[in-house]
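Below is one structure, written out as structure tokens; the observations come after it.
2 protein chains.
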Amino acid sequence: MLRTHTCGELNMAHVGQIVNLAGWLQRSRDMGGLTFIDLRDRYGITQLVFNMEINSALCMEARKLGREFVLSVTGKVAERSNKNPKMATGDVEMLVDSFTVLNVSKTPPFTIEDNTDGGEELRMKYRYLDLRRGVNRKNLELRHKLGIETRNYLNELKFMEIETPYLIKSTPEGARDFVVPSRMNNGQFYALPQSPQTFKQLLMVAGYDRYFQIVRCFRDEDLRADRQPEFTQIDCEMAFVTQEDILQTFEGLARHLFRVVLNIETGEFPRMSYDQAMKLYGCDKPDLRFGMVFSELNDIVKGKDFKVFDDAELIVGINAAGCSEYSRKQLDELTDFVKRPQVGATGLVYLRYATDGTLKSSVDKFYSPEDLRAIATKCGALPGDLVLILAGRTDKTRSALCDLRLEMGNRLGLRKASEFKPLWVTDFPLFEWDEETRRFYAKHHPFTSPVPEDIPLLDTNPVAMRANAYDLVINGTEIGGGSIRIHNKDLQKKMFTVLGFSDEDSSNQFGFLMNAFEYGAPPHGGIAFGFDRWTTIFGGGESIRDYIAFPKNNSGRDVMIDSPSAIKEEQLKELNIRLTP
Amino acid sequence: MLRTHTCGELNMAHVGQIVNLAGWLQRSRDMGGLTFIDLRDRYGITQLVFNMEINSALCMEARKLGREFVLSVTGKVAERSNKNPKMATGDVEMLVDSFTVLNVSKTPPFTIEDNTDGGEELRMKYRYLDLRRGVNRKNLELRHKLGIETRNYLNELKFMEIETPYLIKSTPEGARDFVVPSRMNNGQFYALPQSPQTFKQLLMVAGYDRYFQIVRCFRDEDLRADRQPEFTQIDCEMAFVTQEDILQTFEGLARHLFRVVLNIETGEFPRMSYDQAMKLYGCDKPDLRFGMVFSELNDIVKGKDFKVFDDAELIVGINAAGCSEYSRKQLDELTDFVKRPQVGATGLVYLRYATDGTLKSSVDKFYSPEDLRAIATKCGALPGDLVLILAGRTDKTRSALCDLRLEMGNRLGLRKASEFKPLWVTDFPLFEWDEETRRFYAKHHPFTSPVPEDIPLLDTNPVAMRANAYDLVINGTEIGGGSIRIHNKDLQKKMFTVLGFSDEDSSNQFGFLMNAFEYGAPPHGGIAFGFDRWTTIFGGGESIRDYIAFPKNNSGRDVMIDSPSAIKEEQLKELNIRLTP
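This is the structure in structure tokens:
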């Protein structure tokens, strides 16, 4: 090795030893007769000292070294006179005897510090420099640790990691596939997997009753901030289980990760049905770090000649504790917030419950003080609080109030990155009706089993059917979801029919799975976690990109390697494809 | 769970307990008043007993069950009168009280037994049934265990697993890329990685001095028996190391895997230079499970008027101990073997050293008994042995004799699947000259560092340069290879020039790497292991396909899911590509 120690390990026990370090020049300071260099590697920083009086030639050489030069240094470990308790190696420094420049560096285009002066685009172009920053290193260390701990936990439970293929078959249901032209099979294409769903089900049919895989998945979607064209899943499946077994098993995994990675004991995860979540929080992934649950006000506010409420399908409020003194400006900001097209409300009604006990609302002329008090009571408001009310069509109103609730949570500092509130959401609907295409879509995916007692509804009222499906939500982010699967060919076929697949389509795309169901498919179910998201939540981060070594930008480009890019005419020719002019 | 125990765990300690099992009906036997069913799951087989006298209705129902039906059974564990010491559960059986058919099965198209009656094509089409066979289950269990042990060993050594992208950039050097059209970037393509080579080097530049990843790689090559279009690598890289550090570190990994997976202490791995390996075994991946090293005979056999030898660049023999009594037929077979186009020799000369001490050869008329004795001595032959000699151009002759040596090893049973002989091969040549394209190719890849003292030869005699490269060979199979990399931009640029890259090409394809080298790239090197091959060797198997859950056939097809396949016109349109008519 070109070093005897790392830059993170020297301490008082090493004082007097001659050691060798290698790393990058983080910064250097000339202080009269002394030159100090901070030498950095993955493990930490060690202060190097060069002394003009002891070796002026060496010191002069050291003064020529620039930021990010790669050095190999030899010297004696000494106790510092000015100890730095903030650094792991802050008790000591190295009195350098000699050094070698292993490589020089141009001045980096941004500072290699946690708080860097580089914008995102520049940092992505020079991602290999960006990744030198401590914040990014910690993110990748966290990711590595989560991977190791997940694997060992599942291995202990006799789960087998089984690799499934990446070159599979295009199945246009769901998101768009990335496809790969086959040179050896003229005019045909592979697809990259959106998930190993069908393969893990086949593994259950094959008898591998506990499967997992940490696996890359691909979706050719228009990208949003928290989406990447390739992302990583912790993909799991079990046979001979009920939903309860799966929730227990993977709550076990999640609690293990909370314990060993974050040192947090979460206790048992609460559970909530989809209907409850929608009613109380307006979405299927409520952030439980704070309250502000929805209170439905139809009974109280209708029939008082306030047309907006009278015409509304739902009138629903939340109570923002301690906000009764919100200024006109603050209330206007909230109104503007809910009127943004992304939120989509038409207006906001508020009710101040002043500390002196008086109630004042933006709809005073329609409601008596008793009415207002009834609203306040229903919303659980106390003197000093502010009730915020939206009204309109149920689904849109819930969704808008959900956004407002989260906004208030942010404004009030109630969404702390260091606090964790996991939640199981269960009893999802099986289907969603899409007005535009006038057909049903599977809320989860077409392999999800209905709740058994709802199966008769398949012929009569599919939209009322509940799925044997569940999501794991942490702090308002869905980090995993799964279901008990269908393992009966006839039921699977019927599902495809309800979803608008012709017999030919379902047989072309999923015939192999339905055939497999005829040869002794066991009852089975599973779950898949978004590994990027899980890591991001655990790291207290905002964007999954910060937890991916080489992410792509919003156009799906890797700006560092400049990809995608044109390929040679010969390559196209071999693949028997042409570009459309 | 739909079971209290697995089919592999019941023993005398459970006798008297009421338990619940779930699994597949492996076979059933009606014996007068009793019906026996072997119930199978991933963990083993348990014998179920149904008794006509005790419950005739249940027994009659059981007699209707077919092979591969999925059952849930409840009953009492009892000691067997006829114990079966070959089965883990052979001391006990279950007296069944009740059962449920969880799913029925059509009669499988082949028997679910280690020795099945299904041909490969049929088994691949029904791979989910093939994978139920114990042999395949053991292969995937071995693979899982190797993965877990590899990760934990490297994690202990502070290696970080870092995921690199799958959607990267096409670099036509080396094998052919699979490409992925980008919908969002019109006319442009991603490529699937042939290996994460450049990314792991960038991670070294980024300071992550110990990286690994168990990662899928892709090569669009015409397939051979032991090649797959997608395969898995254990990919590793380290910074601040010498070649010796890498050999030590990964010999450590390999010895760990031998120890914990196969319970074998290998001792230190021998090392051999490329030149030695070629001279003594005729190839760069010698199988050291047996001797038969090459003996070069030019000094002895030339100048005796035997034109074939006089004209040959190399005359080289091996000694097959104990084969002096080979029949005419056997010798003809060997001659036919070496004349096969894949082997390519023009003939075979033999020398029998009879047990009575007499020597007899196929070229007796050219050589005196003293000559023959000298040949025998040089080859280390003793009475009872057979010397086999080939002659011709050095490279072709070595290659042919290498094949003959392996063939003799097979015939003599010297290549035992249960014996393991690892070997490091070092000092590979840096370049290969290709007559056809009249240019140099990198023997390893263009990022491989020359042995430092050979760098001056870059301008004068590239073909004489040695690489700082190494392979790990086990039993004649290369299971891994790597090198110390170039970390200097100028040297890297020069390498690309010698390899015939224009400045534009090298900058287009690898500009990001050469730029990175300007910002403090540390000395680094690494290795990548073929995970499929390693598993196959450890499993004592022949084909990597048997160790891959869902392999492709020689046309790159997955015959189970019937992929690749045609995609919809809409998909092509969105991607702005057309099929060439």
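These protein sequences, in sequence, are chains A and B. All residue numbers for the first sequence refer to my numbering, where the first residue is 640 and numbers rise by one. All residue numbers for the second sequence refer to my numbering, where the first residue is 640 and numbers rise by one. Each residue gets a CB set at the ideal place from its N, CA and C atoms; glycine is no exception.
Residues near residue i by beta carbon distance below 8 Å, same chain, minus five either side
i: Asn775 (chain B); result: Asp769 and Asp1185
9 Å Cβ cutoff met for residue i and residue j
i: Phe1079 (chain B); j: Gly1019 (chain B); result: no
i: Leu886 (chain B); j: Trp1173 (chain B); result: no
i: Phe1156 (chain B); j: Asn1127 (chain B); result: yes
i: Gln852 (chain B); j: Ser1204 (chain A); result: no
i: Tyr829 (chain B); j: Lys797 (chain B); result: no
i: Thr685 (chain B); j: Glu732 (chain B); result: yes
i: Gly1115 (chain A); j: Leu806 (chain B); result: no
i: Leu896 (chain B); j: Phe1177 (chain B); result: yes
i: Tyr1006 (chain B); j: Val940 (chain B); result: yes
i: Lys999 (chain B); j: Leu990 (chain B); result: yes
i: Gly930 (chain B); j: Val1026 (chain B); result: no
i: Leu842 (chain A); j: Glu876 (chain A); result: yes
i: Glu655 (chain A); j: Ala717 (chain A); result: This sequence places Gly at residue 655 (chain A); Glu is not what is there. Yes, these two residues count as a Cβ contact at 9 Å.
i: Met1134 (chain B); j: Met763 (chain B); result: no
i: Asn1230 (chain B); j: His783 (chain A); result: Not covered by the structure: residue 1230 (chain B). The range shown for chain B is 640 to 1220.
i: Ala814 (chain B); j: Leu1111 (chain B); result: no
i: Thr1065 (chain A); j: Ile1123 (chain A); result: no
i: His1084 (chain A); j: Gln882 (chain A); result: no
Neighbour flag for residue i against chain A, beta carbons, 9 Å
i: Gly826 (chain B); result: yes
i: Arg790 (chain B); result: yes
i: Trp663 (chain B); result: yes
i: Gln882 (chain B); result: no
i: Ile1166 (chain B); result: no
i: Glu759 (chain B); result: no
i: Asn794 (chain B); result: yes
i: Thr837 (chain B); result: yes
i: Met733 (chain B); result: no
i: Ile684 (chain B); result: no
i: Glu869 (chain B); result: yes
i: His1126 (chain B); result: yes
i: Ala1188 (chain B); result: yes
i: Gly1195 (chain B); result: yes
Cβ neighbour criterion (16 or more within 10 Å) applied to residue i
i: Asp1024 (chain B); result: buried
i: Gln872 (chain A); result: buried
i: Glu802 (chain A); result: buried
i: Pro980 (chain A); result: exposed
Nonlocal neighbours in the same chain, by C-beta distance under 6 Å from residue i, ignoring five residues either side
i: Met699 (chain A); result: none
i: Glu1071 (chain B); result: Tyr1080 and Lys1082
i: Pro925 (chain B); result: Ala916
i: Ala951 (chain B); result: Ala1030 and Gly1031
Beta carbon proximity, residue i to chain B, threshold 9 Å
i: Tyr1109 (chain A); result: no
i: Leu1045 (chain A); result: no
i: Tyr1080 (chain A); result: no
i: Met1134 (chain A); result: no
i: Gln1210 (chain A); result: yes
i: Ala814 (chain A); result: no
i: Glu802 (chain A); result: yes
i: Thr994 (chain A); result: no
i: His783 (chain A); result: yes
Other residues of its chain near residue i: CB distance less than 7 Å, five sequence neighbours each side excluded
i: Leu987 (chain B); result: Leu973, Thr974, Val977, Leu1027 and Leu1029
i: Gly996 (chain A); result: Pro1022
i: Asp669 (chain B); result: Arg702
Check your understanding: Using 8 Å as the Cβ pair cut-off and three pairs as the minimum, do the segment 838-849 of chain B and the segment 859-870 of chain B touch?
Key -> Contact fails: fewer than three Cβ-Cβ distances are below 8 Å.
Review point. Hey, is the segment 735-746 of chain B in contact with the segment 704-721 of chain B, meaning 3+ C-beta pairs nearer than 8 Å?
Key: Because the criterion of three Cβ pairs below 8 Å is met, the segment 735-746 of chain B and the segment 704-721 of chain B touch.
Check your understanding: Any contact of the segment 1040-1055 of chain A with the segment 1102-1112 of chain A, i.e. 3+ C-beta pairs under 8 Å?
Key -> No: fewer than three Cβ pairs fall under 8 Å.
Check your understanding: How about the segment 661-681 of chain B and the segment 640-652 of chain B: do they share at least three Cβ pairs that are nearer than 8 Å?
Key -> Touching, yes.
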